């Protein structure tokens, strides 16, 4: 009887040891900081990705806009029959602003079995908002000075597919996607119309599809 009880106890201890060895490691919610070098021509984009679960994470970002020249090219130089905002080239070039975005990232295919590392193929819907302030300009007419002003609001939705690669503390995050955005320009401008002062107090709304292609570089902050 004692031998049977001892054998049963040894079997239980062995099973507990095997179960402990096979149990998955505890999930650690890592935090990643990233930068998007593909947008440095006109803005600095910083992102924070926070893991929520092994397959889900939240990504938020902030953008510092130091020129709006790319939008000048799209809005005024590329002509496909769209209306154009009455904003000068200098105002576009010297435009300054901020942007905010938030996305929910779902990892569809993981490239490793470690649940504490956000990596693999993902799908991510993103909402974003940008506000651009254009500098005022003086317009002189008949010994008087008038102030030309303008600003822009951008609202958008993106759908991205990417594959994030991790190596130690470093990560590489290439992505591609499509979206739709609405740009709302508001401006007050003045023109000399054959000796008459012409005031253009306008508001222009454009809604267009968008294509997104880029890569993010980042670090694990754990």
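Numbering (mature numbering (1 follows the signal peptide of the UniProt record, and there is no 0)), first residue to last: -19 to -1, 1 to 203.
We treat Cβ as the ideally placed atom computed from N, Cα and C, and that holds for glycine.
A quick note: this is a predicted structure, and the numbers were derived from the prediction, not measured.
Shortest alpha-carbon distance to residue i belongs to which of the options?
i, options, result
"residue 52", "88, 75, 157", "75"
"residue 104", "177, 200, 128, 156", "156"
"residue 168", "185, 24, 179, 162", "185"
"residue 191", "36, 14, 137, 200", "137"
"residue 193", "20, 16, 15", "20"
"residue 206", "47, 64, 73", "Residue 206 is absent from the model: the chain starts at -19 and stops at 203."
"residue 126", "114, 77, 171", "171"
"residue 108", "101, 116, 85, 114", "85"
"residue 88", "131, 102, 81", "102"
"residue 164", "131, 176, 177, 181", "131"
"residue 162", "129, 133, 146, 114", "133"
What separation, rounded to the nearest whole angstrom, lies between the Cα atoms of residue i and residue j?
i, j, result
"residue 30", "residue 142", "16 Å"
"residue 110", "residue 69", "23 Å"
"residue 59", "residue 50", "13 Å"
"residue 166", "residue 22", "22 Å"
"residue 123", "residue 179", "13 Å"
"residue 118", "residue 83", "34 Å"
"residue 36", "residue 153", "18 Å"
"residue 148", "residue 188", "40 Å"
"residue 96", "residue 38", "Because residue 96 carries a pLDDT of 45, less than 50, the predicted location of this residue cannot be relied on, and the following value inherits that uncertainty. Straight-line Cα distance between these residues: approximately 12 Å."
"residue 151", "residue 34", "20 Å"
What does DSSP give as the partner residues of residue i in its beta bridges?
i, result
"residue 237", "There is simply no residue 237 to check, as the chain begins at -19 and stops at 203 in what is shown."
"residue 149", "None, per the DSSP bridge assignment."
"residue 266", "Because the chain in this structure spans residues -19 to 203, residue 266 falls outside the shown range and cannot be described."
"residue 53", "DSSP output for residue 53 lists no bridge partner at all."
"residue 155", "196"
"residue 126", "121"
Which residue comes first and which comes last in the alpha helix (DSSP H) that contains residue i?
i, result
"residue 31", "From DSSP, residue 31 is part of no alpha helix (DSSP H) but of the beta strand (DSSP E) over 24 to 34."
"residue 47", "That residue, residue 47, is in no alpha helix (DSSP H); it is neither H nor E in DSSP."
I'd like the list of long-range same chain contacts for residue i, defined as Cβ closer than 7 Å, with 5 residues on each side in sequence excluded.
i, result
"residue 140", "106, 158, 159, 160"
"residue 26", "16, 17, 20, 42, 44"
"residue 57", "65"
Return the first residue and the last residue of the beta strand (DSSP E) that residue i is part of.
i, result
"residue 102", "101 to 122"
"residue 74", "Element bounds for residue 74: not the beta strand (DSSP E) but the alpha helix (DSSP H), 70 to 74."
"residue 87", "77 to 90"
Excluding five sequence neighbours on each side, which residues of the same chain lie with their C-beta closer than 8 Å to the C-beta of residue i?
i, result
"residue 79", "43, 44, 45, 46, 111, 112"
"residue 12", "29, 30, 31, 32, 201, 202, 203"
"residue 173", "122, 179"
"residue 196", "17, 18, 19, 153, 154, 155, 156"
Near residue i, what residues of its chain come up, given a Cβ to Cβ distance below 6 Å and the 5 sequence neighbours on each side ignored?
i, result
"residue 144", "102"
"residue 120", "127, 129, 171"
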